[in-house]
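Accompanying notes for the structure given below.
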Amino acid sequence: MNTVFARKPTQKPTQPPALLSDLPCPVETTLQVIGGRWKALILFHLQDDKRRFNELRRLIPSVTQRMLTAHLRELESDGVIVRKVYPVVPPHVEYSLSELGRTLSPILTAMAQWGGVYQSSIDGQKRPEVT
Numbered sequence: 011m012n013t014v015f016a017r018k019p020t021q022k023p024t025q026p027p028a029l030l031s032d033l034p035c036p037v038e039t040t041l042q043v044i045g046g047r048w049k050a051l052i053l054f055h056l057q058d059d060k061r062r063f064n065e066l067r068r069l070i071p072s073v074t075q076r077m078l079t080a081h082l083r084e085l086e087s088d089g090v091i092v093r094k095v096y097p098v099v100p101p102h103v104e105y106s107l108s109e110l111g112r113t114l115s116p117i118l119t120a121m122a123q124w125g126g127v128y129q130s131s132i133d134g135q136k137r138p139e140v141t
């Protein structure tokens with residue numbers, strides 16, 4: 011039986027939380043915004059320049075069109091990216107980081123650096139010994 015997991019909409023509290031423990035964990039909040047298989051990669055590729063949809067598809071070849079579209083919409087609704095539509099035929103759409111999205115750059119850079127260190131350590135462990 012297939013289960014469909016829907017993204018929970020961001021809920022804004024109508025009144026302040028009664029206890030500090032009622033506040034959402036900041037790490038959980040961050041992961042709600044940038045979590046997902048492709049979101050961090052999308053944001054990483056938007057750090058330096060605006061990109062068109064097909065550019066992102068080429069930069070992230072494993073992502074399907076449907077998933078890229080879904081993640082771009084979620085990131086836009088969360089205010090992390092900006093979608094700009096140019097009134098031309100055929101339609102020309104560009105994606106870029108918003109001001110809020112730019113604040114994620116140090117996190118994305120740190121993730122890239124850590125990933126490089128991790129890959130190097132794993133590569134060193136997996137090398138077969140020559141006998």
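Using the numbering used here, you'd call the opening residue of the sequence shown number 11 and step up by one each time. Idealized CB from N, CA, C, for every residue including glycine.
* **The alpha helix (DSSP H) enclosing S106, as first and last residue numbers** => Residue 106 sits at position 96 when you count from the first residue of the sequence shown. Segment 102 to 107 is the beta strand (DSSP E) holding S106; no alpha helix (DSSP H) there.
* Asked: Cβ of L85 less than 7 Å from any chain C Cβ?
  -> In summary, chain C is missing from the structure at hand, where a single protein chain is found.
* Asked: Which value, in whole angstroms, describes the spacing of the CA atoms of T113 and D59?
  -> Here residue 113 refers to the residue found at position 103 when the sequence shown is read from its first residue. Here residue 59 refers to the residue found at position 49 when the sequence shown is read from its first residue. T113 and D59: Cα-Cα distance of roughly 15 Å.
* Return helix, strand or coil for E84, following the three-state DSSP convention. => Along the sequence shown, one-based indexing puts residue 84 at 74. If DSSP states are grouped into helix, strand and coil, E84 belongs with the helices.
* To do: Give me the Cα-Cα distance between F63 and V90, rounded to the nearest whole angstrom.
  => In the sequence shown, the residue the question calls residue 63 occupies position 53. In the sequence shown, the residue the question calls residue 90 occupies position 80. Straight-line Cα distance between these residues: approximately 16 Å.
* Within 10 angstroms of the Cβ of Y128, are there 16 or more other Cβ atoms? Answer buried if so, exposed if not. => By one-based count along the sequence shown, residue 128 stands at place 118. By the 10 Å Cβ count, Y128 comes out exposed.
* What distance in whole Å lies between the Cβ atoms of K49 and L85, which are believed to be in contact at a cut-off of 8 Å? -> Counted from its first residue, the sequence shown places residue 85 at position 75. Counted from its first residue, the sequence shown places residue 49 at position 39. Confirmed, Cβ separation roughly 6 Å.
* Confirm, please, whether the CB-CB distance from K94 to E109 is below 7 Å. => As a first step, residue 109 is located in the sequence shown; it is residue number 99 there, counting from the start. As a first step, residue 94 is located in the sequence shown; it is residue number 84 there, counting from the start. Their beta carbons are not under 7 Å apart, which means E109 does not touch K94 by this criterion.
* Does DSSP put K94 in a helix, a strand or coil? -> Position 84 of the sequence shown, counted from the start, is the residue given in the question as residue 94. Strand, per DSSP.
* Can you grab the Cα-Cα spacing for the pair L69 / C35, in whole Å? => On the sequence shown, position 59 is the one that residue 69 refers to. On the sequence shown, position 25 is the one that residue 35 refers to. So the alpha carbons of these two residues sit roughly 32 Å apart.
* **CB contact flag (I44, H81, <7 Å)** => Here the question's residue 44 lines up with position 34 in the sequence shown. Here the question's residue 81 lines up with position 71 in the sequence shown. No, the Cβ-Cβ distance between I44 and H81 is not below 7 Å.
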